[in-house]
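Right, one structure below, let's go through it.
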Amino acid sequence: MIKTSLHQWAVVVICAVVALFGMLPTSIASETKDITIWAYDNWAKAAEKAVEIYQNNHPGSDYIFHVVTMGQDDMVQKVKVALSTGATDALPDIFYDEDYNYAEYILYYGDMFHELTPYFDLTKYYPFKAVNVTTDGAVYAIPYDAGTGVMFYRTDLIQAAGLTDEDMDNLTWEQFIKIGKKVKQATGVDMIIMCPGGDMEGRILYQSAGTWFFDENGRENIKDNQAFRDALAAMNSLYQAGIVWDVPGWDDYFAAIANGKAVALVGGSWWAPIITSYQEQSGLWRITQVPRLTGSDAYTNYSNLSGGNWFVIEKENSEFASQFVVEMFANNQELADFMANEYYIVPTNRDLVAGLTVLPHPFWGGQDIITTLCRYNESVPSVVYGLNAYEMTYTVGPLVREYINGKYTLDEVLAKIYEAAVMIGGNF
Amino acid sequence: MRKNRAHCRWKLLFLLPAMLTIVATVYVPLVYAFYLSLFGGRGRKIEYVGLGNYTKLMSDDMFLSSLVNSFIFTAIIVPCILLLGCLLAYCLWNLKSSAAKRFLSILYFMPSVTSPVAYSLFFKQITYSDGIVSGILKALHVLSDESSLLNSVAGARILISAICVWSWTGFYALILRAAIDNINESAIEAAEMDGASTSKIFRKIILPNISPVLVMVCILSSCSIFELYTEVALITKGGPGISTYTMALYLYRKAFVYVSEFGYASAIGIAVFVLLILVCLVIIIQKKVYGNEK
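First to last, the sequence lines map onto chains A and B.
Take -3 as the starting number for the first sequence in this note's numbering and just add one per residue.
Take 10 as the starting number for the second sequence in this note's numbering and just add one per residue.
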């Protein structure tokens, strides 16, 4: 019996010692020159490439980089929990996240982020990006990519209706509906894929009209907002015209593209690498501007759907981390060329845009979509996303869906959206 | 006496790890969640608001809609589970071959040990607008060519309910089968000798004897419905509109997707907890009243 107890105690002690030593590298690591970067999707590839270029350019550097790729939701959840508990150690040195989260991070946890104002010249960036990384004159993130709002369309289906790519240029939504009816009559295919519940198209339309759920002071911006009224009416008129391939969620876009269920989709430029993955459709796709609303000279054919920025956490190596992100993500031409040509992620720093070396992309039938995206970015209206972009998206989307289904009139849905904006917190 | 006390001490010692684990992983978070629910505000800019978050919940359309959805799901799912569970359990109990019993028991149990993420993605794939289920429904003219099961309120609710029933029924059927196994066989044999039909035996002998287990199944499945998250988050994301929005989904979004309001999210969690206790109480009281009447 005693022998067994001793044996058991020995196991416990060994386990404790192993556990203790297991923890040691972590505590030692925090004192070494380790730089951890968190990112998701193609932006993790950007981080890996940035590390590779940096190590080539600085062979003597003794910093060790750890690029951790994770799902966007997982990463945001980890970041928010760590920020809310003040656990800087649980955070990476650098991470990438969407524009929509910037305001929350800086307004509520600003002291945990390293200010980047002295490190780079923000005036070189497109204004619509610059306004969304600035808080009270200080810059807390490196603007990286834009989710340039564009319309992707199938040129073969357009041509089947006797139209040309020029006919798709610089449209209004009314002209788009006319073309849509003509194409559907000729091909039987719906003109556009839409998912009002996700409000992706809605957000593109709002910004193309230079408006957003909240104004730059964070006050609700729905009441008496003609642009919102026109945007919702335009979405509804697409449905009334019978030219929409309606999908219930994000994933159904893929099935619709793969099966040629619609001619066009309106989305962020990050759709480009997704569409190019359907190699059997090579040569069939083109991009053009988002159709514009009618009724005001302020309405444009240009918009943005998210995009993101690189953040630096205030911790032991934040000085070096800041220099790294500026050198790589703000100024490195090799990285910019790589991301643009491989993933269609175009820079938002005008100097990098001017220096881009664009390779031919046969998938787009000779259209230089990288240069086209950069050209569109010059005209994207600036809106301040501020707080609550996601909450408004998830609230407005279902309301718009019910408006389109006929449950609400335009006035009723606008009243509902106004109530939501006030409740969610814009009216303070 | 002394020996008993020593025995008792040993029992406590062995129970201690489990008790500490439960306290650390259930009760401490529960108390902390309640404490957190008394604070309003976002991020780390929070302040004590007392029961303010609970008052706010009462007028929060999204919360109230998700509450209604939970009751709708309960009304669809629980009766289906009870009905199918009893049926499967009775069939299993009635089987003569023990090999068949074992095989079917494993078969019933498999959905409940399948990852909800895996089967949710599978069901999502087959119910896409061009998925096999949508294809069959379109061929039968239940769905129009341009619509999808997930685009209609009824379709989305039925789909989520069907998945839950598929996933949970087998597990409950096995519990019910164990309850049937415990019934004194002589009562059933006597009824058979008296010429009672199968349905009469089931209604008059089996059902009354397994009713405590049925109550437990009611409670457990209701709890699962009120905490429904994975299926909804992966398949419908609460849509179309907010027709499949659940409280757990709302809680998650309030805490981690929207500007973090941990106090408010905790209040949603506590409200769900209180609601579950109320639902359990209603079921138990109803059973007692019903039992007394009988």
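Glycine is no exception: its CB is placed at the ideal position from the N, C-alpha and C atoms.
Please read all numbers here as calculations on a predicted model, not as lab measurements.
Cutoff 7 Å: residue i Cβ touching any chain B Cβ
| i | result |
| --- | --- |
| A:K177 | no |
| A:N255 | yes |
| A:P439 | In the structure as shown, chain A begins at -3 and stops at 424. Residue 439 of chain A is therefore absent and cannot be evaluated. |
| A:D248 | yes |
| A:L383 | yes |
| A:A251 | yes |
| A:Y105 | yes |
| A:S23 | Low local confidence applies: a pLDDT of 42 at A:S23 is under 50, so the model's placement there is unreliable, and no value is given. |
| A:E408 | no |
| A:Y386 | yes |
| A:G304 | no |
| A:G402 | no |
| A:G193 | yes |
Own chain, CB closer than 6 Å to residue i, minus 5 neighbours either side, in chain order
| i | result |
| --- | --- |
| B:H16 | none |
| B:G313 | A query on residue 313 of chain B cannot be resolved here, the shown segment of chain B reaching from 10 to 303 and no further. |
| A:E197 | M190, V262 |
| A:Y92 | A35, W39, G304, W306 |
| A:N373 | Y122, A142, T144 |
| A:Y404 | E398 |
| A:A385 | Y96 |
| B:A182 | G94, L97, A98, Y117 |
Residue-level contact to chain A via CB, residue i, 7 Å cutoff
| i | result |
| --- | --- |
| B:P217 | no |
| B:N160 | yes |
| B:Y137 | yes |
| B:F80 | no |
| B:S75 | no |
| B:S124 | no |
| B:F23 | no |
| B:S153 | no |
| B:S231 | no |
| B:S157 | yes |
Nearest neighbour of residue i, chosen from the options [CA to CA]
| i | options | result |
| --- | --- | --- |
| A:Q275 | A:N255, A:F316, A:I154 | A:N255 |
| B:I85 | B:I167, B:S114, B:A148 | B:I167 |
| B:V268 | A:Y92, A:Y96, A:I31 | A:Y96 |
| A:Y346 | A:D132, A:F359, A:A126 | The amino acid occupying residue 346 of chain A in the given sequence is Arg; Tyr does not appear at that position. The shortest C-alpha separation from A:R346 is found at A:A126. |
| A:V392 | A:V409, A:S378, A:V379, A:V376 | A:V409 |
| B:Y238 | B:S75, B:V40, B:R53 | B:S75 |
| B:Y259 | B:A274, B:I189, B:K296 | B:A274 |
Contact set for residue i: own chain, Cβ-Cβ below 8 Å, skip 5 residues either direction
| i | result |
| --- | --- |
| B:C227 | V87, L91, I292 |
| B:G272 | L45, S46, L47, F48, G49, G50, I55, V58, N62 |
| B:I192 | I214, I215, N218, I219 |
| B:G179 | L97, L116, Y117, F118, M119, P120, S121 |
| A:Q427 | Nothing about residue 427 of chain A can be reported from this structure: the residues present for chain A run from -3 to 424 only. |
| B:F23 | none |
| A:I49 | M324, N328, E330, L331 |
| A:M19 | Any reading at A:M19 must be qualified, since the residue scores a pLDDT of 48, below 50, and its modelled position is unreliable; the value itself is stated next. Here the set comprises nothing. |
Own chain residues within Cβ distance below 7 Å of residue i, not counting five before or after
| i | result |
| --- | --- |
| A:A78 | A86, L87 |
| A:Y414 | E216, I218, K219 |
| A:D242 | M190 |
| A:A230 | W169, L201, L289 |
Task: Touch test, the segment 99 to 110 of chain B against the segment 250 to 258 of chain B, Cβ-Cβ under 8 Å, three pairs minimum - done: no
Open item on the list: For the structure I just gave you, are there three or more beta carbon pairs, one from the segment 177 to 190 of chain A and one from the segment 202 to 213 of chain A, closer than 8 Å?
Closed with: no
Task: Within 9 Å of chain B by C-beta, residues of the segment 47 to 80 of chain A in sequence order - done: D69, V72, Q73, K76, V77, L79, S80
Task: the segment 237 to 249 of chain B: positions lying closer than 8 Å to chain A by Cβ - done: T245, K246, G247, G248, P249
- [ ] Note down, in chain order, all residues in the segment 35 to 56 of chain B with a beta-carbon under 8 Å from any beta-carbon belonging to chain A.
- [x] R51, G52, R53, K54
Task: the segment 224 to 242 of chain A contacting the segment 280 to 295 of chain A, beta-carbon criterion three pairs below 8 Å - done: yes
TODO: Could you run through the segment 170 to 199 of chain B and flag, in chain order, every residue whose CB is less than 9 Å away from some CB of chain A?
DONE: none
TODO: Give, in chain order, every residue of the segment 389 to 400 of chain A whose Cβ lies closer than 9 Å to some Cβ of chain B.
DONE: Y390, T391, G393, P394, L395, R397, E398
Open item on the list: Tell me which residues of the segment 249 to 276 of chain B have at least one Cβ-Cβ distance to chain A shorter than 7 Å, keeping chain order.
Closed with: P249, G250, I251, R262, F265, V266, Y267, V268, S269, F271
Task: the segment 229 to 237 of chain B in contact with the segment 138 to 152 of chain B per 3-pair CB rule at 8 Å - done: no
Open item on the list: Under 8 Å: do the segment 315 to 332 of chain A and the segment 134 to 143 of chain A share three or more Cβ pairs, one atom per stretch?
Closed with: yes
- [ ] Could you tell me whether the segment 107 to 122 of chain A touches the segment 273 to 287 of chain A, using the rule of 3 or more Cβ pairs below 8 Å?
- [x] no
Task: Proximal residues, the segment 139 to 154 of chain A versus chain B, C-beta separation under 8 Å - done: none
TODO: Anything in the segment 89 to 122 of chain A with a Cβ closer than 7 Å to a Cβ of chain B? List those residues in chain order, please.
DONE: E100, Y104, Y105
Open item on the list: Three Cβ pairs or more, each shorter than 8 Å: is that satisfied between the segment 198 to 208 of chain B and the segment 281 to 288 of chain B?
Closed with: no
Open item on the list: Short of 7 Å Cβ to Cβ, which residues in the segment 180 to 207 of chain A face chain B?
Closed with: G193
TODO: Using a Cβ-Cβ cut-off of less than 8 Å, give me the residues of the segment 107 to 134 of chain B that come near chain A, in sequence order.
DONE: K133
TODO: Evaluate contact between the segment 126 to 135 of chain B and the segment 228 to 238 of chain A, counting only Cβ atoms and requiring at least three cross-stretch pairs below 8 Å.
DONE: no
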